[in-house]
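K.L.:
I'd like to ask you about the structure that follows.
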Amino acid sequence: MFYAKSCFFGEDLRKEKQRRYSYEKSLKEALATAERNRTINPEDDEALRELYMIQLRHWAMKALDELDSIEEELPMARMMAERAAAGITTDEPKPPPTKLKPFIIARNREQKRVFGLGYPSVPTLTVDEWAEGMMKGGSWGNSKPDPAAEAAAKAHADLDDPEMQDAVDPDEVRARQMNWDEYKDTHRRGWGNTHNKG
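Residue numbers (UniProt numbering): 1 to 198.
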């Protein structure tokens, strides 16, 4: 026999819920079996009676659950009726807060004002001295090119030339590629210098 949940408290309520759940589960299994028996032998009145009894038990459990839900909602419905009788309405929405005028700080300007320019204000070289240094270093201008850079450019051009590719030893190229493959096997991608990022 089952009672309304309001009759139970604490651990007893938990046990009652477990008992109802297991009973409903057994009812579902019995209902499936009764329906299967009814389809096998539609003339059997005993199978039809059993099917109806299981359905009645199933719907009685559903009604009991609905009664529990109604009992839980009843205090809320009473409270709403009392509030309506007293003239209390639902809370009025609060007025929206006053909007502040957005302001924009010129980030670079403020950053330069706080931190300075990030380099000494007094120049150490004139523009002409800097340009002469760049030309001497071979970075740009009409100065003499760097011999090491010239040799590297020539070697690269030789590899692109189809006639020079025959002169390159294929065993040497294969050995270089094998060494590179072995290196890639032991050094996963991204394992290089991470610049202290982790």
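The beta-carbon is built from N, C-alpha and C at its ideal position, and this holds for glycine as well.
From Ala81 to Lys17, what distance separates their C-alpha atoms?
P.N.:
Working through the sequence shown from its first residue, we reach residue 81 at position 81. Working through the sequence shown from its first residue, we reach residue 17 at position 17. Approximately 31 angstroms, taken between the alpha carbons.
K.L.:
Tell me, please, whether the region 40–57 touches the region 65–75 by the rule of three or more beta-carbon pairs shorter than 8 angstroms.
P.N.:
Touching, no.
K.L.:
Taking 8 angstroms as the cut-off, does the region 57–71 touch the region 23–33 (at least 3 CB pairs, one atom from each stretch)?
P.N.:
A contact exists between the region 23–33 and the region 57–71.
K.L.:
Find out if the Cβ-Cβ distance for the pair Leu48, Arg38 is shorter than 8 angstroms.
P.N.:
The sequence position of residue 48 within the sequence shown is 48, counting from 1. The sequence position of residue 38 within the sequence shown is 38, counting from 1. Yes, the pair counts as a contact, with Cβ atoms nearer than the cut-off.
K.L.:
May I ask which residues mark the beginning and end of the alpha helix (DSSP H) holding Lys184?
P.N.:
For the purposes of this step, residue 184 is taken as the residue at position 184 of the sequence shown. Element bounds for Lys184: Pro170 to Thr186.
K.L.:
Expressed to the nearest angstrom, what Euclidean distance is found between the alpha-carbon atoms of Asp65 and Glu43?
P.N.:
Reading the sequence shown from its first residue, position 65 is the one you call residue 65. Reading the sequence shown from its first residue, position 43 is the one you call residue 43. Going from the Cα of Asp65 to the Cα of Glu43 covers about 34 angstroms.
K.L.:
Let's see if you can read the secondary structure: which residues bound the alpha helix (DSSP H) around Thr39?
P.N.:
The count along the sequence shown starts at 1 and reaches residue 39 at position 39. Its alpha helix (DSSP H) spans residues Glu11 to Ile40.
K.L.:
Report the three-state DSSP secondary structure of Trp59 (helix, strand or coil).
P.N.:
Along the sequence shown, one-based indexing puts residue 59 at 59. Three-state result, Trp59: helix.
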